[in-house]
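Asker:
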């Protein structure tokens, strides 16, 4: 993995992985919704570039992007996965002008967020090195309820390395927010892998 990517990974691990106050309610859960299927890929999937990386959009969200914060996800496994991918990258790479707004709108208010905000205030992000940018290749939902989802995100890097990142999103105020782990929890959230698991939902980013 490139040095820049390792630095970002180390920072997130130390400050507690990529997860609010503020933001608007995007609606209640739909009545009579079909049974959730965590293994179904997001429908209407397409990709748009932001800060050098391709980020996913689909029928399950995001419906809005304002001040670099992506909001408006459906309360489905697909909406949770799209939110995890969007929030994980945006919270890490939002520039100096918008990172605080992104944190307020998409991260769960908890000790993990507090630690992340404290650390993020110590460095500057203006542009992202294209040679170190990740590419999403898929995800695996390891736990799912209507209020919480644990999702492992799989990314590839220009040097051919693969990374698995464990994330949690929580349904708050009518939308999914990224929940950063408590800094006291030393469980690793990032793991180098040799290959993606067969059970992964494939959503490889394409320009």
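In mature numbering (1 follows the signal peptide of the UniProt record, and there is no 0), the protein residues as written are -27 to -1, 1 to 180.
For every residue, glycine included, the Cβ atom is placed at its ideal position computed from N, Cα and C.
These figures come from a predicted structure and were not determined experimentally.
Can you find a C-beta in chain B that's less than 9 Å from the C-beta of residue 125?
Answerer: Of the protein chains in this structure there is only one, and it is not chain B.
Asker: For residue 67, which residues of its own chain have a beta-carbon under 6 Å away from its beta-carbon, when the five flanking residues on both sides are left out?
Answerer: Taking the first residue of the chain shown as 1, we reach residue 67 at position 94. Setting aside the 5 residues that flank it on each side, residue 67 is surrounded in the same chain by 41, 75, each with a C-beta closer than 6 Å to its C-beta; the list follows chain order.
Asker: Assign residue 171 to one of two classes, buried (16 or more other C-beta atoms within 10 Å of its C-beta) or exposed (fewer than that).
Answerer: Position 198 of the chain shown, counting from 1, holds the residue named residue 171. Per the 10 Å Cβ criterion, exposed.
Asker: Touching or not, the stretch 98 to 110 and the stretch 16 to 34, by the rule of three or more beta carbon pairs under 8 Å?
Answerer: Yes, the stretch 98 to 110 touches the stretch 16 to 34.
Asker: DSSP three-state call for residue 119: helix, strand or coil?
Answerer: Reading the chain shown from its first residue, position 146 is the one you call residue 119. It is coil, neither helix nor strand.
Asker: I believe residue 136 touches residue 163 by the beta-carbon criterion, under 8 Å. Please report the beta-carbon distance rounded to the nearest angstrom.
Answerer: If you number the chain shown from 1, residue 136 lands on position 163. If you number the chain shown from 1, residue 163 lands on position 190. 6 Å between Cβ atoms; contact.
Asker: With distances taken between CB atoms, is the gap from residue 55 to residue 96 smaller than 9 Å?
Answerer: As a working mapping, residue 55 is identified with position 82 in the chain shown. As a working mapping, residue 96 is identified with position 123 in the chain shown. Not a contact, by the Cβ cut-off of 9 Å.
Asker: Kindly indicate which residue of 140, 16, 167, 71 has the alpha-carbon position closest to the one of residue 112.
Answerer: Here the question's residue 112 lines up with position 139 in the chain shown. Minimum Cα distance to residue 112 is reached at 140.
Asker: Do residue 150 and residue 60 have their CB atoms nearer than 9 Å?
Answerer: The count along the chain shown starts at 1 and reaches residue 150 at position 177. The count along the chain shown starts at 1 and reaches residue 60 at position 87. Yes; because the gap between Cβ atoms is below 9 Å, this pair is in contact.
Asker: Quick one: measure Cβ to Cβ for residue 21 and residue 110, integer angstroms, because I've assumed they're closer than 8 Å.
Answerer: Mapped onto the chain shown, residue 21 falls at position 48. Mapped onto the chain shown, residue 110 falls at position 137. Residue 21 to residue 110, Cβ: 17 Å. No contact.
Asker: On the three-state DSSP scale, how would you describe residue 108?
Answerer: Position 135 of the chain shown, counting from 1, holds the residue named residue 108. The three-state secondary structure of residue 108, taken from DSSP, is strand.
Asker: Assuming residue 154 contacts residue 85 (C-beta within less than 8 Å), just tell me the rounded distance between them.
Answerer: The residue you call residue 154 lines up with position 181 of the chain shown. The residue you call residue 85 lines up with position 112 of the chain shown. Right, the Cβ-Cβ distance comes to about 5 Å (below 8 Å), so this counts as a contact.
Asker: Around the Cβ of residue 166, are there at least 16 other Cβ atoms within 10 angstroms (buried) or fewer (exposed)?
Answerer: Position 193 of the chain shown holds residue 166. Result: exposed.
Asker: Ends of the beta strand (DSSP E) at residue 44?
Answerer: In the chain shown, counting from the first residue as 1, residue 44 sits at position 71. Note, residue 44: beta strand (DSSP E), 42 to 44.
Asker: Tell me the start and end of each unbroken beta strand (DSSP E) in the stretch 113 to 177 that is at least 3 residues and wholly inside, in chain order.
Answerer: 121 to 129, 135 to 145, 148 to 151, 163 to 166
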